[in-house]
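The next block holds one structure in the form of structure tokens; read it before the comments.
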Amino acid sequence: MDRLFIFDTTLRDGEQVPGCQLNTVEKIQVAKALEGLGVDVIEAGFPVSSPGDFNSVVEISKAVTWPTICALTRAVEKDIDAAVEALRFAKKGRIHTGIGTSEYHIRYKFNSNQDAILERAIACTKYAKKFVEDVEFYCEDAGRTDNEYLARVVEAVIKAGATVVNIPDTTGYCLPDEYGAKIKYLMEHVPNIHQAVISTHCHNDLGMATANTVQGVLNGARQVEVTINGIGERAGNTSLEEIAMIFKSHKEKEIITNINTTRIYNISRLVSSLMNMPVQPNKAVVGRNAFAHSSGIHQDGVLKNRESYEIMDPKEIGIDDNAIVLTARSGRAALKHRLSILGVDLDQEKLDIVYQDFLKLADRKKDINDDDVLMLVGKDRTAMHRIKLEHLQVTSGIGLQAMASVCLNLSGVRRCEAAAGNGPVDAGIKAVKKAISNSDMTIQEFLIQAINKGSDDTGKVHMQVEYNGNVYYGFSANTDIIAASVEAFVDAINKFIN
Ligand code: KIV
Ligand code: ZN
15 MDRLFIFDTT LRDGEQVPGC QLNTVEKIQV AKALEGLGVD VIEAGFPVSS PGDFNSVVEI
75 SKAVTWPTIC ALTRAVEKDI DAAVEALRFA KKGRIHTGIG TSEYHIRYKF NSNQDAILER
135 AIACTKYAKK FVEDVEFYCE DAGRTDNEYL ARVVEAVIKA GATVVNIPDT TGYCLPDEYG
195 AKIKYLMEHV PNIHQAVIST HCHNDLGMAT ANTVQGVLNG ARQVEVTING IGERAGNTSL
255 EEIAMIFKSH KEKEIITNIN TTRIYNISRL VSSLMNMPVQ PNKAVVGRNA FAHSSGIHQD
315 GVLKNRESYE IMDPKEIGID DNAIVLTARS GRAALKHRLS ILGVDLDQEK LDIVYQDFLK
375 LADRKKDIND DDVLMLVGKD RTAMHRIKLE HLQVTSGIGL QAMASVCLNL SGVRRCEAAA
435 GNGPVDAGIK AVKKAISNSD MTIQEFLIQA INKGSDDTGK VHMQVEYNGN VYYGFSANTD
495 IIAASVEAFV DAINKFIN
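If you read the sequence shown in the numbering used here, its first letter stands for residue 15, the second for the next number, and so on.
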């Protein structure tokens, strides 16, 4: 069996997605859950990009014990200096530096030439190597880089001290056989290739990230860069759970990872909830329908022998049919236990707040599941809001003009307004706009999704609001979807209204 190293970039490439930003406390929660999952490397951020990113790398380095903590840089000395400083508490630290190697990057981004870029690649690797032993070099847009030049860069950076060389398909352009052939070419043409680990980093623009990553591994790569739920720039990155389950299911490939797959489902829900990024129902491995057999023929087959239609046992990824369901009679201890299984450890004060919200929700909803619980934990973000929705009342129905009245708390000042609309959500949002005396924002995307099933279920609302040429993201969850919609709007406007 050959060991495949799992490099998780949920907190760097994943977190770059607009609307998915986490604060440091939330990033630590995800990092601890990744450690429990068994990843080898956590890419914790891009320290030079912002004080928040810098601080997150510092705090994750302190919080995490055994995975390597990695910090991203450009091929620029000040970036590397910031990464070195941010990694000072890491038990094992890695600098991930690099530069674009395709003609698109060399000519148009850098207005440079291949030789000059090769020199910069060598220089930044040597510079990083002065501070840390573990240096990973990325050849950005390697997917569209000519193989002969790519091989020269890989050989040179290994000679300069790189321990890992990353071959990103940055634009998600490669076909699986093409990407596999690229890794094979490097394995066969770079004389010192065995002095470093070759890494894949595939984007999903054409839906081929996982297939490309698998081909990379089958041709010699021994590290894969992945994210939970496949989140990442544009169409996302290769998803960790798919790679872990592919190699677990296909034992004949003789590849093993250190992933404790029974933790996959919980971390998937944790990331989705903290980042307010829904998992598509038909997502491989972790989607709600991934194990739901709806056709009669399939159900009959599964009942006779599970393996007739299921290639994975849901328990292998941590879906437990017998999981304890929380109800209004559950105590704080049961809630705390459930949260810790989901990777969330709360102090007593925070637990008390979440427990009060839990009791209110349990009054309205019979069974509280993991998604509800995670939603409650994320809810107290609104505590920092300057604009708070204190009251909402709507009338609507067939043959009625929808009307809404709202009361907002605007930094301590209460303001109430009413408005009519073409439906209750429209009326509620118009009333909010009146109350803040600003109607210059437009809703660009509005998604309502039930967490589970049943008419008493919680609805999650994601909203994109455009204001002054920028897009802001709002989120809320409530058993009343009209209230959730207006709350999501208020959440979004809190991101830009002073
Ligand atoms: O997609 C990419 O090329 C990257 C690099 C910065 C590693 O994310
Ligand atoms: Zn990337």
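Every residue gets a Cβ at the ideal spot worked out from N, C-alpha and C, and that includes glycine. Quick caveat: nothing in here was measured; it's all calculated off a predicted structure.
CB contact flag (residue i, residue j, <7 angstroms)
i           : j           : result
residue 261 : residue 273 : no
residue 475 : residue 502 : yes
residue 387 : residue 352 : yes
residue 130 : residue 109 : no
residue 97  : residue 87  : yes
residue 9   : residue 417 : Nothing can be reported for residue 9: it is not among the residues displayed for the chain, which extend from 15 to 512.
residue 36  : residue 288 : yes
residue 116 : residue 155 : yes
residue 182 : residue 215 : yes
residue 174 : residue 139 : yes
residue 187 : residue 157 : yes
residue 406 : residue 391 : no
residue 179 : residue 210 : yes
residue 434 : residue 445 : no
residue 28  : residue 246 : yes
residue 230 : residue 199 : no
residue 243 : residue 282 : yes
residue 204 : residue 255 : no
residue 443 : residue 508 : no
Of the listed residues the options, nearest to residue i (C-alpha basis)
i           : options            : result
residue 496 : 75, 169, 150, 473  : 473
residue 512 : 256, 424, 483, 403 : 424
residue 19  : 238, 258, 61, 415  : 238
residue 257 : 291, 434, 360, 225 : 225
residue 471 : 222, 240, 166, 377 : 377
residue 85  : 58, 66, 72         : 58
residue 196 : 263, 168, 210      : 168
residue 489 : 364, 133, 375, 389 : 389
residue 322 : 331, 305, 334      : 305
residue 26  : 71, 46, 16         : 71
residue 279 : 414, 28, 47        : 47
residue 408 : 342, 391, 494      : 494
residue 79  : 161, 106, 411, 375 : 106
residue 469 : 67, 384, 380, 445  : 380
residue 325 : 430, 364, 298      : 298
residue 372 : 404, 146, 339, 403 : 339
residue 264 : 281, 232, 249, 295 : 232
residue 56  : 39, 64, 75, 38     : 75
residue 93  : 60, 120, 104       : 60
Coarse secondary structure for residue i, derived from DSSP in three states
i           : result
residue 214 : strand
residue 402 : strand
residue 35  : coil
residue 493 : coil
residue 147 : coil
residue 517 : The displayed coordinates of the chain run from 15 to 512. Any statement about residue 517 would go beyond what the structure contains.
residue 85  : strand
residue 134 : helix
residue 476 : strand
residue 264 : coil
residue 361 : coil
residue 486 : strand
residue 323 : coil
residue 108 : strand
residue 254 : helix
residue 355 : helix
residue 21  : strand
residue 273 : coil
residue 101 : coil
residue 470 : coil
residue 113 : strand
residue 16  : strand
residue 120 : helix
residue 382 : strand
Nearest-angstrom beta carbon gap, residue j and residue i [assumed within contact, 8 angstroms]
i           : j           : result
residue 276 : residue 330 : 7 angstroms
residue 284 : residue 349 : Residue 284 to residue 349, Cβ: 15 angstroms. No contact.
residue 292 : residue 463 : 6 angstroms
residue 137 : residue 151 : Residue 137 to residue 151, Cβ: 11 angstroms. No contact.
residue 68  : residue 45  : That belief does not hold up - the Cβ atoms of residue 68 and residue 45 are roughly 15 angstroms apart, past 8 angstroms.
residue 487 : residue 32  : 7 angstroms
residue 146 : residue 176 : 11 angstroms between Cβ atoms; not a contact.
residue 506 : residue 498 : Contact flag wrong, Cβ pair sits at about 13 angstroms.
Ignoring anything shorter than 3 residues, give me the beta strand (DSSP E) runs that lie fully in the region 402-436, in order along the chain.
416-424, 427-435
Q) What are the start and end residues of each continuous beta strand (DSSP E) run of 3 or more residues lying completely inside the region 25-78, in chain order? A) 55-59
Next item on the list: Enumerate, from N- to C-terminal direction, the unbroken beta strand (DSSP E) stretches of 3 or more residues contained entirely within the region 155-216.
Entry: Whole beta strand (DSSP E) segments, 3+ residues: 178-183, 211-216.
Problem - Segments assigned alpha helix (DSSP H), at least 4 residues, entirely inside the region 218-251 - result: The alpha helix (DSSP H) runs of length 4 or more contained entirely in the region 218-251 are, from start to end of the chain, 223-232.
Quiz prompt | Completely contained alpha helix (DSSP H) runs for the region 433-467, where each covers 4 or more residues | solution = Counting only unbroken stretches of 4 or more residues, the alpha helix (DSSP H) elements lying wholly within the region 433-467 are 438-449, in sequence order.
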